[in-house]
Every structure is written in C-alpha cells, then in structure tokens.
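Q:
Residue numbers (our numbering), protein chains in the order written: chain V, 131 to 317; chain F, 17 to 341; chain L, 496 to 875.
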C-alpha cells in the first residue's frame, strides 16, 4: 500500500516537474526541473525491481542535465540568471503534437492486450539483463563500440577549427605546441 | 508492486549482510555527522599547527566555534538571486552524502542493501555536479558562477576515471552489491592488488567533496568561489555537506578496497569505523601537502593519464578474475 | 538566555575579519593580520564571510565609497573598525570583540541599512569586491547606486544590472562578454587596485586598471623583505596551497614576533623557517606544474612595465626569485613605481586564476596612478 502510494506520488512529481520545464522562466530552472522529472522516473524504475536501470537513469540524467545547463547558458546569450525568458516557442504546433502523441500512447496502453506474468524475475536481475542484452550480441557490441568511439573522435577532429599545423607549425616540429590554453600534460 | 523494494543477494555471497529497519537511517545521519565533525576537528588541529607553533590541540573545538559563529550570523541574499536553486544546492550536498552512506554496511548491518550499491554511490556522486553548480549559479554573482563552472570542469576530469576505478572491485567480486564486494576480499584487500584504482578513487573522493587540490571552485582567487556570497546557516550547511561527502567517500572505500569489517580482535563494525577514520585522516592530511590542481590543467591529466590508467587496471583485474575462476 | 550568550561568546572568539588595505599602508595591514590571527580569529575572503571589517589606513574618497559598499554587504552581526596606527591594534580588536557581543545594537542594525526593505543585502552580482551593481556602466563611477535600480530600463537590465553582450571569443565563437570589476577589496590583491575586466567565461579578454588612492601619503609601509615575503604568501595562497601560505606568513611575521632570529641586511643569514619554506616550495612538483608557463614576460615586457630586471620568465621563476632574493638588501634609492595603466597588459588573455597568480607574483613596488608612458595597456 505504502509502496503504491509512493509510486503514484513519484509519477505525479515526474509529470508536474516535466510540465514545470515549460512554465518556469529561467534556463537553469527549466534544466533542473527536467532533471527532477528524470530522477522521479528513475526511482519509479527502482520500484519496478530494475535497480540497475533505475540507478543508471538517475546517474546519466543528472550528469546530462548538469552539462546541458552549461551549454544552454553558454549558447543562449544574455545573463540568463537575470533575464526572465520564455521556455516555449512554436506554441500551437508543439501543444497539438504533444496532445496527439499522448492520446496515441495512452490509447496504446489501454488497447493492447498485456500478457500476464509468467514465472518470476531471476534473483540477479542486473546479471540477467546484462546476459539478455550482451550475451548473444557480444560480437556486435564489440564491433559497434570502437566504431562509435571512432565516429565521435572523427567528428570532433573534423569540427575543430585548429589543426595540428596550427599547433606544431608547418613542419610539425614546434615544441611545445602553440595552444591558446595549454593543457596539463605538456604534449 | 507488493514485492519488497530492495532485493537482497543470494546467500552464496558470503556472510549475509542484515538489512536493518529504515528507522536506523537516523543512525546513518548520526554516524555521518560524527565523522564529518571528526574530519573538521582534525583539519582545525592541522591548520592551527601550521599557523602557529603551539596550542594546536585546543583547535579541535574550532569547528564547533565556527558553527556557532555561522548560526549567529544573518543569512543574506543578492540581487536577482535564484534563491530556490541556491538553497537546494547547499542542502542537497548533505542529502547526497547521507544517501551514499546508506549503502555502506557497518559490519553486518546496512540500511539499504541495494543489489547495485556501487552504481548507487556513483549516481549520488554525480548529483554533486548539479548541486555545486547550483550553489554557484543561484547567487547570481560572477565569482560564485566561476566557481561553479570550475567544479564542472574538474568533474569532467575526475568523474570517468572514478567510475572506472569503481568498476575494478566490482569485476573482481563479480557483484555490484557493496556487501558482496567487501566479502570477496578475504585475505587480500583490493587496495593491495588494485592500487591504481584505489588511488584514482581517493582522487575522485577529494574531487566530489571539493576538497584539497580540487578546491579551486572555492578558491581564494575568486573570493571563495561557489561560497563567495553565502553567509550564516547557508554557509554552515555547505561546509558540513563538504565534510559529510568526504566522510561518506572515506566510508565507502572500506568495503570497496579495504576488506570491509575484516580484522583481528575488534568486532567488524569497529573495524569499519577505524578504517573509515584512517582514510578520512589521510584525505584531510593530504589537503595540507598539495597545492590546487587548476581545472584547465587537470582536464588533460584526467583524460590522458588517469582514465587510461584506470582502464588498464580494469583490464588487469578482469584478466586475473577470469583466470582465477 | 544562557544558550544564546554561550553561542555569542563562542562566535566572537571565532570571528572572521575582512582586512582592507589602503595603498601605502601594507605594513599596518600585515601587523593587523598578525594580530587577528594571534587572537584566534580568521581572515575572511569575502564580505559574506566576514564579521568584522577592518580598514587599515585612511582611504581616499573613492576607496572610502567602495569600502562603504563592502560594509553594506557584511551579513551581520557586523563591526567596522578603522585603524591608523599599529599601537591601536590591540584596543581596536578588543573593541571589535565587544562590539560583536552587543546584541541590542545588532538587532537594530538591519533597520539602519539603507534599502533594507527591498532585499537583505542589496548587492549586485559582481559587486562584493566593493563596486556598485552597474558592472557594465563605467561612467557611474563608484557611488552606491542601489537606490536608482528602479530608474533603469527594467526590460534589458533586470535588477539594475545590464545584460551581457555577445562578442567573439578566442576560438572564433560568439560568447557573452561580462563586465566585472576586480578589487579594490579582495584578498591577496594589490591595495586600491581596480581592474575593469571584460570576461568571457572566466577568461579576461580586456582590462583597464586604475588605482583608488589613500587620503594622504605618509603611510605605514613595510620594508622590502617583508613585502617580498608577503607576495610569497599571496602566490602560495592563490595557488591553493593553504599550508605553505600559512608557513610563509609565519616567516614573514617572524622578525616582528621574535620567533626566529631577525635577519637584516647586515646579517643576511636565512632564518630556519625561510630555509624550510624554500625547500618545501622547490620540492613541490605540483606547484611547479601549476605555475610553469604562466604569464611569461620577456625582457622587453619587463622594461616596458617598469618591473625589476629579474621579473622575466614565468610565474614559477618569479616565485623562486622572490624566495631566493628575500634577504638581499634593497637597491639604494628604490625603484620607479609601476604605472597602474601597464598592469592590464600581462593579464589579458589569461583566465581569472592565472591572472590572479601572475599579478600577485609581480613586484609592483608601490603602484603609481600616473599614466603609463605608452598608453597601450588594453587590447582585445
């Protein structure tokens, strides 16, 4: 009973703080309202016995929001702490899309014939989850991971305006390199 | 949803850790407070010793005196401060520290025997990112904001190495449960055969406690940084939160790297406390030995030195674990 | 009422003091710091942290206005003390202690603050260094303008603080430019110096320096040795090494308190404390790593700024020079004071932490408000 009440309360918190993202007038508040919403969902997942997924949701989302706040403040210009600003744009389209999506998903929940639970969860849910995700697809994962890392690195390298010729000179011999902000390793 | 919230581990995971009633959470807070006070007292003594030749022991009461000063001081606010976020950030540090300590078994007892206690600890230390930045942001002051950003810059440097350092004991124990990790170290502490992970972990603890070399976010050069505009009870809460985080980090090192409650003569809860205090003293002492790691310089150290070192450590641990089984 | 009184007494025993140095009165400031620490009190880093505001020397009108503004930002219970003579220090501090215990006064105090109805401390975002809230509007000077917040266009300057404007940063991206003033009340900062900075993030993209002077010049100045050691204290403290800074402070104060053999120009034997400090600083690899390459000055720069010949190299070189040459007798006749306009040049392009470290390590030898020979101090 207590668990049910807590679960529902967390749902309410998640929805309300999610809505607050569009109501508040500062970017920091919007960002962290979203973070609260995610944390509430993460705790709900904990309640559903998926402790690993739940905790990772909290971990990743808080970290992401912390970084997102920095980028929002950095790119939006103006002293965002001071200047109240609206967190919405294209209001009508957005509301229509949101309502339609909600109706669609809610209809799905109600219409789908949910299967009854068969068996019980294994004692080590996290391990079972890992086996299910990684077990048969280990080769795929092992290939995809380096490809993803290489993509990220390549993307950053292509996007960076400065090349090694800017750092090390035309004959690549200049040591130490010419950086606007020298790093700590001294390479 | 009638099932128990926190799943215990199967009995195979060594000596059972007993989950006590949730009301014992009060005890967690009490232990946390005592440890934080001990750390503050030790720091007071060490500071007094370097500031003057004698009379150092009397400085053990310093934290209480400072606390009374801050309790008497007025709170203040600034123009256009985001008070909600500002105060949330400060108070949140204490909460995060208490939630970290909740998964640490004190001998046989634990308040929350999470199956994924290690990841839980990690999630809580990531919360600190948000909280410290919020304290810096909320004051709407240039110095405080610079402090907040400095902390995030440090965070980007220490967080990933810290995560991978926590992975090493979990691989060796084959579990993410804190009690199981402690039980897996019979005979040989993880600190002994994964020293790199232990070292990186200690750096990470200093990092999320904004402590010692990781204190530029609170630096003299920006008039106290994140806490530049804090006074009275708000400052007290922030400082207590820092010490509490340091204490929680030290306590978590015990089951992860130092064999949990294992030890001769004393009962296991006493050993847990003794080891915690030892790690805490080490961290407090180290602050005096080291200048600050400037965030712009530390970033490269984190990514080019600590992260590869932690990954190699993980690889070695994984190879040893596979070879053993 | 027993508890309240115990609390108050304990609080007064652990007071934090914000010491303000008026240019030319650094000897008095150091004596004050010593007296404060001997009482078991601490030095505060910002007005929010302070219970006592202690002004060393007679500030000129503009500096006095800045100090008044800082005074407004002390949270309270607060006591303000102005000292002109070292001999008055014990009485002044005892008076401050008694003042902190005067509950009735502190209960009335907040009502006496002007503008208290609006918000507790009506300080702007960047103004706890002692300047007004109008960070970007230089023409306002240093008068306290908290009352005319309402007169501004609230649309673009909420709270009376103008919004930052965009500008290209050093990577060629557009980024906010924030106008922030550093000083004059800031720990480990040259006395009376105000640096009007343009900040992008925490990088100084432009700066203009000015000096807020004393009421009269016959100050209580420290001797060159003490002054050099004081700079060592500042650099170590700004490098985040509290312990070494504390030890350097002990060495600095040693001759006066009689802890160690006095070292004068006639007996240039280093005190044991100084030798230990030298060893400690030289041995720290982390300090070297942290200060290496910071604020490099060529021989040309040194001449242009009017610094001593050995000021070349980076911040680490200057710190070592400072420690090595502490006991060397000062050159006869002294040096030309550094023109304040020249100060902006070495710090533009650095981040805040680096700029503070570089400034603290420079031998400014008494700033002069006279214009620089070549007015090219600001760029960017």
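Positions of the beta carbon are idealized from the N, C-alpha and C atoms, including for glycine.
Could you check where the beta strand (DSSP E) with residue 568 of chain L kicks off and where it finishes?
A: Looking at the DSSP string, residue 568 of chain L is not in any beta strand (DSSP E); the run it does join, the alpha helix (DSSP H), is 556 to 568.
Q: Please list, in chain order, all residues of the same chain as residue 99 of chain F whose beta carbon is under 8 Å from its beta carbon, the five residues on each side excluded.
A: Here the set comprises 93, 154.
Q: Where does residue 629 of chain L land, buried or exposed, given buried means 16+ other C-beta within 10 angstroms?
A: Because residue 629 of chain L sits at a pLDDT of 35, beneath the cut-off of 50, its placement in the model cannot be relied upon, and the point is left open.
Q: Determine, for residue 189 of chain V, whether the minimum Cβ-Cβ distance to residues of chain F falls below 8 Å.
A: Judged by the 8 Å Cβ criterion, residue 189 of chain V is in contact with chain F.
Q: Have a look at residue 247 of chain F and residue 161 of chain F and give me their C-alpha separation to the nearest angstrom.
A: Answer to the nearest angstrom: the Cα atoms are 16 Å apart.
Q: Could you list the residues in the stretch 302 to 314 of chain V with a C-beta less than 9 Å from some C-beta on chain L, going in chain order?
A: Against chain L - using a Cβ distance shorter than 9 Å - the residues of the stretch 302 to 314 of chain V are 306, 310, 311, 312, 314.
Q: Give the C-beta separation of residue 561 of chain L and residue 707 of chain L to the nearest angstrom, bearing in mind that I take them to be a contact with Cβ-Cβ under 8 Å.
A: Residue 561 of chain L to residue 707 of chain L, Cβ: 6 Å. Contact.
Q: Against chain F, does residue 691 of chain L count as a neighbour if the rule is that its beta carbon must be under 8 Å from one of theirs?
A: It does not; no Cβ of chain F falls within 8 Å.
Q: Taking 8 Å as the CB-CB cut-off, is residue 637 of chain L touching chain V?
A: Confidence in residue 637 of chain L is poor, its pLDDT being 36 and thus under 50, which makes the residue's placement too unreliable to answer from.
Q: Please report the distance separating the alpha-carbon of residue 188 of chain F from that of residue 334 of chain F.
A: Those two C-alpha atoms are separated by around 7 Å.
Q: Compare the C-beta of residue 208 of chain V against all C-beta atoms of chain F and say whether one is closer than 8 Å.
A: Here residue 208 of chain V scores only 48 on pLDDT, less than 50, and its place in the model is too uncertain to base an answer on.
Q: Check the Cβ-Cβ distances between residue 59 of chain F and every residue of chain L, and say whether any is below 8 Å.
A: It does not: the Cβ of residue 59 of chain F has no partner Cβ on chain L nearer than 8 Å.
Q: Counting only runs that start and end within the stretch 180 to 223 of chain F, where is the alpha helix (DSSP H) found for 4 or more residues in a row?
A: Qualifying alpha helix (DSSP H) stretches, in chain order: 194 to 199, 206 to 209.
Q: I need the DSSP call for residue 511 of chain L, collapsed to helix, strand or coil.
A: It is a strand residue.
Q: Below 8 Å, can you find three or more Cβ-Cβ pairs linking the stretch 177 to 191 of chain F to the stretch 242 to 259 of chain F?
A: Touching, no, given that fewer than three Cβ pairs across the two stretches are closer than 8 Å.
Q: Give me the Cα-Cα distance between residue 618 of chain L and residue 95 of chain F, rounded to the nearest whole angstrom.
A: Note that residue 618 of chain L scores a pLDDT of 40, beneath 50, so its modelled location is shaky; the value from the coordinates is reported in the next line. One C-alpha to the other measures close to 6 Å.
Q: Can you pull the DSSP bridge partners for residue 670 of chain L?
A: Answer by DSSP bridge pairing, in chain order: L/662.
Q: Between residue 555 of chain L and chain B, is the shortest Cβ-Cβ distance under 8 Å, so that the two count as touching?
A: Checking the listed chains, one finds no chain B in this structure; the protein chains it contains are V, F and L.
Q: Apply the 10 Å Cβ neighbour rule to residue 301 of chain F and answer buried if 16 or more other Cβ atoms are within range, or exposed otherwise.
A: So residue 301 of chain F counts as exposed.
Q: 8 Å is my cut-off, CB to CB: does residue 614 of chain L come that close to chain F?
A: Here the model assigns residue 614 of chain L a pLDDT of 41, short of 50, so the residue's position is not dependable, and the following value carries that caveat. Yes, contact with chain F.
Q: In chain V, which residues lie with their C-beta within 8 Å of the C-beta of residue 192 of chain F?
A: The contacting residues are 182, 256.
Q: Provide the residue(s) that pair with residue 125 of chain F in DSSP beta bridges, ordered along the chain.
A: F/34, F/122, per the DSSP bridge assignment.
Q: Please classify residue 878 of chain L as buried or exposed, where buried requires at least 16 other C-beta atoms within 10 Å of its C-beta.
A: Outside the displayed range of chain L (496 to 875) lies residue 878 of chain L, so it cannot be described from this structure.
Q: Compare the Cα-Cα distances from residue 847 of chain L to each of F/44, F/241, F/119 and report the closest residue.
A: The shortest C-alpha separation from residue 847 of chain L is found at F/241.
Q: Give a yes or no on whether the C-beta atoms belonging to residue 309 of chain V and residue 297 of chain V are separated by under 8 Å.
A: It is a contact, given that the beta carbons lie within the stated cut-off.
Q: Under a Cβ-count criterion, where at least 16 other Cβ atoms within 10 Å of its own Cβ denotes burial, should residue 541 of chain L be classed as buried or exposed?
A: By the neighbour-count rule (16 or more Cβ atoms within 10 Å), residue 541 of chain L is buried.
Q: Quick check: the stretch 682 to 698 of chain L against the stretch 711 to 723 of chain L, are at least 3 beta-carbon pairs closer than 8 Å?
A: Verdict: no, contact absent.
Q: Does DSSP put residue 218 of chain V in a helix, a strand or coil?
A: Looking at residue 218 of chain V - three-state DSSP - the assignment turns out to be coil, as it is neither helix nor strand.
Q: Within 8 Å (strictly less), CB to CB, does residue 276 of chain V reach chain L?
A: So no, residue 276 of chain V is outside the interface.
Q: Classify residue 201 of chain V as buried or exposed, calling it buried when 16 or more other Cβ atoms lie within 10 Å of its own Cβ.
A: Residue 201 of chain V should be labelled exposed.
Q: Less than 8 Å between the beta carbons of residue 517 of chain L and residue 686 of chain L, yes or no?
A: Closer than 8 Å, so yes.
Q: Identify whether residue 858 of chain L lies in helix, strand or coil by the three-state DSSP scheme.
A: It is coil, neither helix nor strand.
Q: Find the residues of chain V that neighbour residue 665 of chain L, judging by a C-beta separation of less than 9 Å, and give them in chain order.
A: What residue 665 of chain L touches in chain V: 310, 311.
Q: Measure the C-alpha to C-alpha separation of residue 714 of chain L and residue 602 of chain L and round it to an integer number of angstroms.
A: Cα-Cα distance, rounded: 36 Å.
Q: Go ahead and pull the three-state DSSP assignment for residue 296 of chain V.
A: Reduced to three states, the DSSP call for residue 296 of chain V is helix.
Q: Examine chain V for any beta-carbon lying closer than 8 Å to the beta-carbon of residue 101 of chain F, and answer yes or no.
A: Output row for residue 101 of chain F: interface = yes.
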